Amino acid sequence: MAFPPGFLDELRARVPLGSLVGRRVRLIRKGRELAGLCPFHHEKTPSFYVVEDKNFFHCFGCGAHGDAIGYLMRAENLDFIEAIERLAAEAGLAVPQQTPQERERAQRQKTLLEALAAAAEFYEKRLWSPAG
Numbered sequence: 002m003a004f005p006p007g008f009l010d011e012l013r014a015r016v017p018l019g020s021l022v023g024r025r026v027r028l029i030r031k032g033r034e035l036a037g038l039c040p041f042h043h044e045k046t047p048s049f050y051v052v053e054d055k056n057f058f059h060c061f062g063c064g065a066h067g068d069a070i071g072y073l074m075r076a077e078n079l080d081f082i083e084a085i086e087r088l089a090a091e092a093g094l095a096v097p098q099q100t101p102q103e104r105e106r107a108q109r110q111k112t113l114l115e116a117l118a119a120a121a122e123f124y125e126k127r128l129w130s131p132a133g
């Protein structure tokens, strides 16, 4: 599903990442950042940082990083649309719905991408075959 330009930026701006992460992780301010134990792997020393002014997180232990949408997807095992819907409800934003034309275009695009993937797989197999 494609969203109108600016919708995802508005959503990210309305839901502070520090408060979202702070519901599951005890965060401590370290300068301009918040630090805590990573919710995605077991650790004893905080390596998980939230950069509030840039609205992203990064774990130096396991490499997890992203924004509020990515955090919610990973922390609560949601897909992209579910995470958007949850954040939009929290931010008081209505999730824009696709028009029938947009749905049709998205379906065509999906079909074309599947065809391209199948063609790439076919040619890769041919390339690595004994005859290739």
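The sequence shown begins at 2 in our numbering and counts up by one. Beta carbons are placed, not taken as given, at the ideal position from N, Cα and C, and that holds for glycine. All values reported here derive from a predicted model rather than from experimental measurement.
Check: Could you give the uninterrupted runs of the beta strand (DSSP E) lying entirely in the stretch 43-128, keeping only those of 3 residues or more?; Outcome: 49-52, 57-60
Check: The beta strand (DSSP E) that contains Leu35, what's its start and end?; Outcome: 34-37
Check: Is the CB-CB distance between Gly37 and Val26 below 7 Å?; Outcome: yes
Check: Between the C-alpha atoms of Gly71 and Arg30, what's the straight-line distance to the nearest angstrom?; Outcome: 22 Å
Check: Pull up the DSSP beta-bridge partners for Arg25, would you.; Outcome: BP columns for Arg25 are empty, so no partner.
Check: So, is Ala65 buried or exposed, given that buried needs 16 or more other C-beta atoms within 10 angstroms?; Outcome: buried
Check: Drop a sphere of 10 angstroms on the beta-carbon of Tyr50, count the other beta-carbons inside from all chains shown, and report buried for 16 or more, exposed for fewer.; Outcome: buried
Check: Would you call the CB atoms of Val22 and Leu88 closer than 7 Å?; Outcome: no
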